[in-house]
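Below is one structure, written out as structure tokens; comments come after it.
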Amino acid sequence: MNLAQNLAYTPDVETATAAARVRMHGHYKDAHWRTLAPYIAAINQLKKDKNAVILAHNYMTPDIFFGVGDIVGDSLKLAQEAAKTSADMIIQCGVHFMAETSKILCPDKKVIIPDVKAGCSLAESITGADVRRLKEQYPGVPVISYVNTSADVKAETDVCCTSSNALKIVNALGAQGHDTVIMTPDKFLAANVAAQTKVKIIIWDGACIVHERFTAEDVKRLRAQHGPDLKILAHPECPPEVVAESDFQGSTAQINDYIKAHKPAKAVMLTECSMSDNVRAENPEVELYGTCQLCPHMKRITLPKILHALQTEGPEVVIDPAIIERARKPIERMLALS
Ligand code: 13P
Ligand code: SF4
Numbered sequence: 007m008n009l010a011q012n013l014a015y016t017p018d019v020e021t022a023t024a025a026a027r028v029r030m031h032g033h034y035k036d037a038h039w040r041t042l043a044p045y046i047a048a049i050n051q052l053k054k055d056k057n058a059v060i061l062a063h064n065y066m067t068p069d070i071f072f073g074v075g076d077i078v079g080d081s082l083k084l085a086q087e088a089a090k091t092s093a094d095m096i097i098q099c100g101v102h103f104m105a106e107t108s109k110i111l112c113p114d115k116k117v118i119i120p121d122v123k124a125g126c127s128l129a130e131s132i133t134g135a136d137v138r139r140l141k142e143q144y145p146g147v148p149v150i151s152y153v154n155t156s157a158d159v160k161a162e163t164d165v166c167c168t169s170s171n172a173l174k175i176v177n178a179l180g181a182q183g184h185d186t187v188i189m190t191p192d193k194f195l196a197a198n199v200a201a202q203t204k205v206k207i208i209i210w211d212g213a214c215i216v217h218e219r220f221t222a223e224d225v226k227r228l229r230a231q232h233g234p235d236l237k238i239l240a241h242p243e244c245p246p247e248v249v250a251e252s253d254f255q256g257s258t259a260q261i262n263d264y265i266k267a268h269k270p271a272k273a274v275m276l277t278e279c280s281m282s283d284n285v286r287a288e289n290p291e292v293e294l295y296g297t298c299q300l301c302p303h304m305k306r307i308t309l310p311k312i313l314h315a316l317q318t319e320g321p322e323v324v325i326d327p328a329i330i331e332r333a334r335k336p337i338e339r340m341l342a343l344s
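Just add 6 to wherever you are in the sequence shown, counting from 1, and you've got our numbering.
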């Protein structure tokens, strides 16, 4: 294996990456592009050689999202596609819980995350032991866990959810006769769902370090600054008072779909920065203002680390097979209900 790849910007590299550059819609200036394109070309070649697939979350930077991602989307879509892939190797460009979800759904495949330190404040806020204690405290009450949790937490969970199907999952349990559910670990997602359902929700005290920073004052200031044409789209990990002041709430994919369907003249997305960059590239006619926050975990994933991951086929996500067996059930239940 040639780890010391020639990463020069050659005419061949220029040709191989031309279509990806068009998709980025002028996001990178020439000098910057010349440093990125050789990585994009090398990664795409190695993917073919090794029958690997890159699953890239909407929060990946445009070089990854448009340059090397084979399947791009929100947490739900990445899980759905992982379950279907025929590739031998999955390179997860996102955070660790997403790679674990892929491994749980594809235990026989090699699942690789380019930086194992790409964590998540929500996933770190709860353990499997915490869920066991909740179940002792509230016997018979089903546990819904956001996919932003570890495999250990999923193994203790009845059904998973993502931000795009959380309300649907809660209502589905309600329709099965549960008037109360436990929802972990995001207190804001749970509160935003609670505002839309009759099912009583017992809430865990976790939060996303990115979305908890948005305030209702931010929303009011943006409206005053940009006028009534501005559409404000919030991720449901934002505090409920922020969502209440916004025009729309949804997962990263649902926000993306809203922009594509409605083409508002002006919009702000209250979510992670790179998502705005990617949506802006695909919707140049929409004026997207840059009020956003960076997720330090997502930003650990870079082109050089992806190339290294493909070359070395690591770091691989390893989960105890007994945990995989138990953690798969709540994810499969969620996929069936989605
Ligand atoms: P989505 O499922 O909306 O992509 O959200 C994942 C996430 O981590 C948001 O912070
Ligand atoms: Fe976790 Fe928030 Fe980063 Fe999403 S944005 S991965 S929820 S810390």
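Each residue gets a CB set at the ideal place from its N, CA and C atoms; glycine is no exception.
- For D192, the CB stays at least 7 Å from every heavy atom of the ligand 13P.
- DSSP, reduced to helix, strand and coil, places G32 outside both helices and strands of the structure shown, so it counts as coil.
- The bridge partners DSSP lists for H63 are G79.
- In the displayed model, S108 falls within a helix according to three-state DSSP.
- Judged by the Cβ position, L195 fails to qualify as a neighbour of the ligand 13P at the 7 Å threshold, every heavy atom of the ligand being at least this far.
- With respect to M104, A287 sits apart: the two C-beta atoms are not nearer than 8 Å.
- In this chain, the beta strand (DSSP E) harbouring I118 covers K116 to I118.
- Contact holds between the stretch 191–207 and the stretch 163–177, because three or more Cβ pairs, one in each stretch, are under 8 Å apart.
- Taken atom to atom, the span from the alpha-carbon of D94 to that of P245 is near 40 Å.
- Looking at the backbone, the Cα of V216 and that of S127 are separated by about 9 Å.
- Secondary structure at K141: helix, using DSSP grouped into helix, strand and coil.
- Remark: the C-beta of C167 is outside contact range of the ligand 13P, defined as less than 7 Å to any heavy atom.
- E291 counts as exposed, since fewer than 16 other C-beta atoms from the protein chains shown sit within 10 angstroms of its C-beta.
- For A172, the enclosing alpha helix (DSSP H) begins and ends at A172 to A181.
- Taking a C-beta distance under 8 Å as the contact criterion, S81 and T155 do not qualify as a contact pair.
- In this structure, the ligand 13P has no non-hydrogen atom nearer than 7 Å to the beta-carbon of V285.
- Looking from the CA of A26, the closest CA among D76, A14 and N64 belongs to D76.
- Between the C-alpha atoms of I261 and I330 there is a straight-line separation of about 31 Å.
- The bridge partners DSSP lists for C99 are A62.
- Relative to the non-hydrogen atoms of the ligand SF4, the Cβ of I215 comes within a distance shorter than 7 Å of at least one.
- In this structure, L195 lies away from Y144, with their beta-carbon atoms at least 8 Å apart.
- Our two residues, I60 and A88, have alpha carbons roughly 10 Å apart in a direct line.
- For S127, no alpha helix (DSSP H) segment is defined, and its DSSP state is neither H nor E.
- For E162, the three-state secondary structure derived from DSSP is coil.
- With 16 or more neighbouring CB atoms inside 10 Å of its own CB, V78 falls in the buried class.
- Beta-bridge pairing by DSSP links A273 to K237 and L294.
- Between W210 and T186, the gap from beta carbon to beta carbon reaches 8 Å or more.
- The residue from V101, T41 and A62 with its alpha-carbon nearest to that of M304 is V101.
- In this structure, DSSP gives C279 a helical state, which the three-state scheme calls helix.
- In this structure, the alpha-carbon of E243 lies about 43 Å from that of D18.
- Check the Cα spacing between D158 and each of V147, I110, K193 and K123: the tightest is with I110.
- Judged by the Cβ position, C298 fails to qualify as a neighbour of the ligand SF4 at the 7 Å threshold, every heavy atom of the ligand being at least this far.
- Using a Cβ distance threshold of 8 Å, A14 and L313 do not count as a contacting pair.
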